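Chemist:
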Amino acid sequence: MHNNINKLTLAVTLASTVIASGHAAASGFQVREQSAKALGNAMAGAAAGAEDVSYMTYNPAAIGNVEGTQVAGGISYIDASFELTDASASPAGALGSYDRGGSREGGEEAWVPSFAFKTRLDERFDLGLAISAPYGLSTKYDKEWIGRYHAIETELKTIDIQPTLNYRATDRLNLAVGLRAQYADATLSNAIDLGRLAGSPGNADGMAEVTGDDWGYGYTLGALFQATERTRLGISYRSEVELTLDGDVDYSSDDPVGQQVLALSGLQDGGGKAEITTPANLNLGIYHQLTDRLALMANAEWTEWSSFEELTVEFENGPPDTSTTTENWNDTWAFSVGANYQLNRQWLLRAGLGIDESPVPDSEHRTPRVPDADRRWATLGATWMPTSNLGVTAGYMHVFGDDGDIEQNATPTNENASRGNLSGTYEVEADVFALSMDYRF
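Numbered per the numbering used here, the sequence shown spans residues 7 to 447.
(1) For residue 345 versus residue 302, is the C-beta distance shorter than 9 Å?
(2) Measuring straight from C-alpha to C-alpha, what distance separates residue 430 and residue 366?
(3) What is the rounded straight-line gap between the Cα of residue 395 and the Cα of residue 56?
(4) Alpha carbons only, please: which of 427, 242, 257 is nearest the one belonging to residue 66?
(5) Let me check understanding here. Comparing Cα to Cα, which of 299, 379, 343 lies closest to residue 306?
(6) Measuring CB to CB, does residue 282 end up less than 9 Å from residue 249?
(7) Measure the C-alpha to C-alpha separation of residue 28 and residue 286 and round it to an integer number of angstroms.
(8) Which residues in the same chain have their Cβ closer than 7 Å to the Cβ of residue 169, if we skip the five residues on either side of it in sequence?
(9) Please identify the residue among 386, 221, 43 whose C-alpha is closest to the C-alpha of residue 60.
(10) Going by the beta-carbon positions, is the gap between residue 75 and residue 446 smaller than 9 Å?
(11) Do the region 432 to 444 and the region 387 to 401 touch if we need at least three Cβ pairs shorter than 8 Å?
(12) According to DSSP, is residue 232 helix, strand or coil?
(13) Any idea what DSSP makes of residue 64, helix, strand or coil?
(14) Run the proximity test for residue 76: is its beta-carbon closer than 8 Å to any non-hydrogen atom belonging to the ligand NAP?
(15) Sort 32, 117, 192 by Cα distance to residue 279 and report the nearest one.
(16) Please report how far the alpha carbon of residue 93 lies from the alpha carbon of residue 349, in whole angstroms.
(17) What residues match up with residue 84 in a beta bridge as DSSP calls it?
(18) Which of the three DSSP states is assigned to residue 280 in this structure?
(19) Who are the Cβ neighbours of residue 209 in its own chain at under 7 Å, not counting the five residues just before and after it?
(20) Classify residue 12 as helix, strand or coil using the three-state DSSP reduction.
(21) What did DSSP end up calling residue 445 once you bin it into helix, strand or coil?
(22) Check each candidate in 347, 406, 351, 309 and name the one with the smallest Cα separation from residue 465.
(23) Quick one: measure Cβ to Cβ for residue 380 and residue 372, integer angstroms, because I've assumed they're closer than 8 Å.
(24) So, using beta-carbon positions, are residue 427 and residue 97 closer together than 9 Å?
(25) Starting from residue 262, follow the alpha helix (DSSP H) in both directions and report where the run begins and ends.
(26) Check each candidate in 39, 95, 73 and name the one with the smallest Cα separation from residue 79.
(27) Just checking my contact of residue 49 with residue 360 at CB under 8 Å: how many whole Å lie between their CB atoms?
(28) With a floor of 3 residues, list each beta strand (DSSP E) that falls wholly inside the region 135 to 201, ordered by position along the chain.
(29) What does the alpha-carbon distance come out to for the pair residue 163 and residue 86?
(30) Let's see if you can read the secondary structure: which residues bound the alpha helix (DSSP H) around residue 44?
(31) In whole angstroms, give me the CA-to-CA distance for residue 338 and residue 187.
(32) Under the three-state reduction of DSSP, which class applies to residue 313: helix, strand or coil?
(33) To the nearest angstrom, how far is the alpha carbon of residue 103 from that of residue 153?
(34) Under the rule that 16 or more other beta-carbon atoms within 10 Å means buried, what is residue 260, buried or exposed?
(35) Terminal residues of the continuous beta strand (DSSP E) containing residue 405?
(36) Please report the residue range of the beta strand (DSSP E) in which residue 390 lies.
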């Protein structure tokens with residue numbers, strides 16, 4: 007049997023989503039929700055806010071602005087919605103439809119924990135440790151949904167472990183460096199149109215699932231400058247991290263015809279690997295204490311998504327041995343402004359607005375796993391300090407995503423040959439709730 011749906015094509019589709027997992031709260035697959043205080047200001051204080059040790063994940067020099075020893079921990083709850091409207095799907099070169107009436111909503115709930123600690127070594131040096139989840143997504147569509155051959159489930163989890171050393175170069179200038187040890191784990195699946203090989207497209211499905219994980223290493227640099235008694239400037243850089251995801255590919259089918267086709271197709275469970283790079287980014291920020299009660303802040307963040315040009319996957323059980331998927335993502339900017347208002351000794355109120363560009367260049371590169379589009383944020387938050395050493399912060403963000411068209415066109419010879427055509431318009435939005443506590447010893 008001529009095997010147009012080969013193991014390599016299917017696994018490339020899945021493995022590419024390990025780093026192409028669109029996140030409704032931030033562009034690409036980025037997760038910015040590492041501090042409830044920063045979230046309450048729409049991330050406007052990321053580079054220069056430096057209010058507590060949790061800001062170390064955005065700018066490692068932030069710990070130089072925190073006296074003594076401090077610990078902070080938090081949790082963010084993300085409720086993301088990705089819904090494909092006006093959808094149509096059909097086999098490559100055919101007029102039939104893949105629609106079985108399944109839900110076109112793929113959003114999932116996710117929890118993002120964070121932890122940070124710092125202590126002062128002496129008059130010049132501070133030592134810190136941050137644990138965060140900078141990238142990730144959990145999405146899941148119905149197995150019968152119209153785009154099932156492009157995506158069903160995506161689960162990406164990452165953990166960054168960041169030991170940090172800060173140096174007080176002067177009374178006004180802090181310089182910091184941190185090591186980043188990043189772990190990534192992914193489970194991804196989509197349906198296989200085995201019926202197409204039996205002459206009945208869309209009527210005998212199989213399933214392909216790929217898993218993979220790896221450790222990678224990078225660094226982060228930061229500077230925090232107290233320009234005046236009321237104005238603080240911050241800059242930070244986070245390097246890219248290279249990962250080689252080693253994993254397994256599994257195939258199955260609950261359909262009797264699909265089981266027969268699968269047995270004859272040559273698709274076999276096996277292993278493979280894909281080299282990927284999580285992007286570098288740069289934060290620039292300013293924090294200004296306008297009055298004793300009111301503080302204003304702004305931040306600009308550049309992310310080097312152009313490093314995600316293509317994905318090459320190598321498989322143990324060839325031929326073929328390799329395949330390349332082209333992505334061509336663009337670098338992006340995110341801008342935000344925020345304000346704090348000291349209501350009284352115990353209560354600080356927060357607010358912010360932000361805009362974020364999508365790295366996806368056009369509808370041909372937008373997929374059900376990356377239904378990414380430009381977005382805007384609006385945030386509110388509050389910090390309660392029952393004592394001078396203890397702070398409790400709650401933050402809320404609503405993300406307004408632009409509608410994003412998708413045009414995945416298939417021909418008998420391109421990468422979508424086994425997945426078919428898929429078109430429509432994605433509606434994207436998200437709500438994020440964050441809670442954190444910080445304690446200074």
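Glycine included, every Cβ here is placed at the ideal spot set by N, Cα and C. Computed from a predicted structure; not experimentally measured.
Modeler: Result, derived from the coordinates:
(1) As a working mapping, residue 345 is identified with position 339 in the sequence shown. As a working mapping, residue 302 is identified with position 296 in the sequence shown. The Cβ-Cβ distance between residue 345 and residue 302 falls below 9 Å.
(2) Numbered from its first residue, the sequence shown carries residue 430 at position 424. Numbered from its first residue, the sequence shown carries residue 366 at position 360. The alpha-carbon atoms of residue 430 and residue 366 are separated by roughly 16 Å.
(3) Here residue 395 refers to the residue found at position 389 of the sequence shown. Here residue 56 refers to the residue found at position 50 of the sequence shown. Residue 395 and residue 56: Cα-Cα distance of roughly 16 Å.
(4) Along the sequence shown, one-based indexing puts residue 66 at 60. Of 427, 242, 257, the residue nearest in Cα terms is 242.
(5) As a position in the sequence shown, residue 306 is number 300, starting the count at 1. Looking at the Cα atoms, 343 is the closest of the given residues.
(6) Taking the first residue of the sequence shown as 1, we reach residue 282 at position 276. Taking the first residue of the sequence shown as 1, we reach residue 249 at position 243. Taking the C-beta atoms as reference points, residue 249 is found nearer than 9 Å to residue 282.
(7) Translated into positions along the sequence shown, residue 28 becomes position 22. Translated into positions along the sequence shown, residue 286 becomes position 280. Interpretation of residue 28 is limited by its pLDDT of 40, a score under 50 that renders its predicted location unreliable; the figure taken from the coordinates is listed afterwards. Between residue 28 and residue 286, the C-alpha separation is close to 17 Å.
(8) Counting from 1 along the sequence shown, the entry for residue 169 is found at position 163. Within the same chain, residue 169 has close Cβ partners 135, 184, 185.
(9) Position 54 of the sequence shown, counting from 1, holds the residue named residue 60. Nearest of 386, 221, 43 to residue 60, Cα basis: 43.
(10) For this step, residue 75 is matched to residue 69 along the sequence shown. For this step, residue 446 is matched to residue 440 along the sequence shown. In this structure, residue 446 lies closer than 9 Å to residue 75 by Cβ.
(11) Yes, the region 432 to 444 is in contact with the region 387 to 401.
(12) Against the sequence shown, residue 232 aligns to sequence position 226. Here residue 232 sits in strand by DSSP.
(13) Residue numbering aside, residue 64 sits at position 58 when the sequence shown is read from its first letter. Three-state result, residue 64: coil.
(14) With respect to the ligand NAP, the structure shown offers nothing to examine, as it has no ligands at all.
(15) Counting from 1 along the sequence shown, the entry for residue 279 is found at position 273. Considering only 32, 117, 192, the residue with the shortest C-alpha distance to residue 279 is 192.
(16) Walking along the sequence shown from the start, residue 93 turns up at place 87. Walking along the sequence shown from the start, residue 349 turns up at place 343. Answer to the nearest angstrom: the Cα atoms are 49 Å apart.
(17) For the purposes of this step, residue 84 is taken as residue 78 along the sequence shown, with counting starting at 1. Bridge partners of residue 84: 116, 438.
(18) Mapped onto the sequence shown, residue 280 falls at position 274. Three-state DSSP puts residue 280 in a strand.
(19) By 1-based counting over the sequence shown, the position of residue 209 is 203. So the qualifying residues of the chain are 201.
(20) Within the sequence shown, residue 12 is the residue found at index 6, counting from 1. No answer about residue 12 holds up, because its pLDDT of 44 lies below 50 and its placement is not dependable.
(21) For the purposes of this step, residue 445 is taken as the residue at position 439 of the sequence shown. In the structure shown, residue 445 sits in a strand (DSSP, three-state: E or B).
(22) No statement about residue 465 is possible, as the shown extent of the chain runs from 7 to 447 and does not include it.
(23) Here residue 380 refers to the residue found at position 374 of the sequence shown. Here residue 372 refers to the residue found at position 366 of the sequence shown. So it is not a contact: roughly 12 Å between Cβ atoms.
(24) Translated into the one-based positions of the sequence shown, residue 427 becomes position 421. Translated into the one-based positions of the sequence shown, residue 97 becomes position 91. Result yes, Cβ atoms of residue 427 and residue 97 sit closer than 9 Å.
(25) Residue mapping note: residue 262 aligns to position 256 of the sequence shown, counting from 1. Going by DSSP, residue 262 is part of the alpha helix (DSSP H) stretching over 262 to 271.
(26) On the sequence shown, residue 79 is found 73 positions in, with the first residue counted as 1. Of 39, 95, 73, the residue nearest in Cα terms is 39.
(27) Mapped onto the sequence shown, residue 49 falls at position 43. Mapped onto the sequence shown, residue 360 falls at position 354. About 6 Å separates the beta carbon of residue 49 from that of residue 360, a gap short enough to meet the 8 Å contact definition.
(28) With a minimum length of 3 residues, the continuous beta strand (DSSP E) runs that stay inside the region 135 to 201 are 142 to 146, 159 to 174, 179 to 199.
(29) Start at 1 with the first residue of the sequence shown, and residue 163 comes out as number 157. Start at 1 with the first residue of the sequence shown, and residue 86 comes out as number 80. If you take the alpha carbons of residue 163 and residue 86, they lie about 16 Å apart.
(30) By one-based count along the sequence shown, residue 44 stands at place 38. Its alpha helix (DSSP H) spans residues 42 to 46.
(31) Against the sequence shown, residue 338 aligns to sequence position 332. Against the sequence shown, residue 187 aligns to sequence position 181. Roughly 24 Å separates the two Cα atoms.
(32) Within the sequence shown, the letter at position 307 stands for residue 313. Correct three-state label for residue 313: helix.
(33) If you number the sequence shown from 1, residue 103 lands on position 97. If you number the sequence shown from 1, residue 153 lands on position 147. When the Cα atoms are used, residue 103 and residue 153 turn out to be separated by approximately 11 Å.
(34) Along the sequence shown, one-based indexing puts residue 260 at 254. Per the 10 Å Cβ criterion, exposed.
(35) Locating residue 405 in the sequence shown gives position 399, where the first residue counts as 1. 396 to 407 is the span of the beta strand (DSSP E), which, as asked, contains residue 405.
(36) The residue given as residue 390 occupies position 384 in the sequence shown. Here the beta strand (DSSP E) through residue 390 covers 381 to 390.
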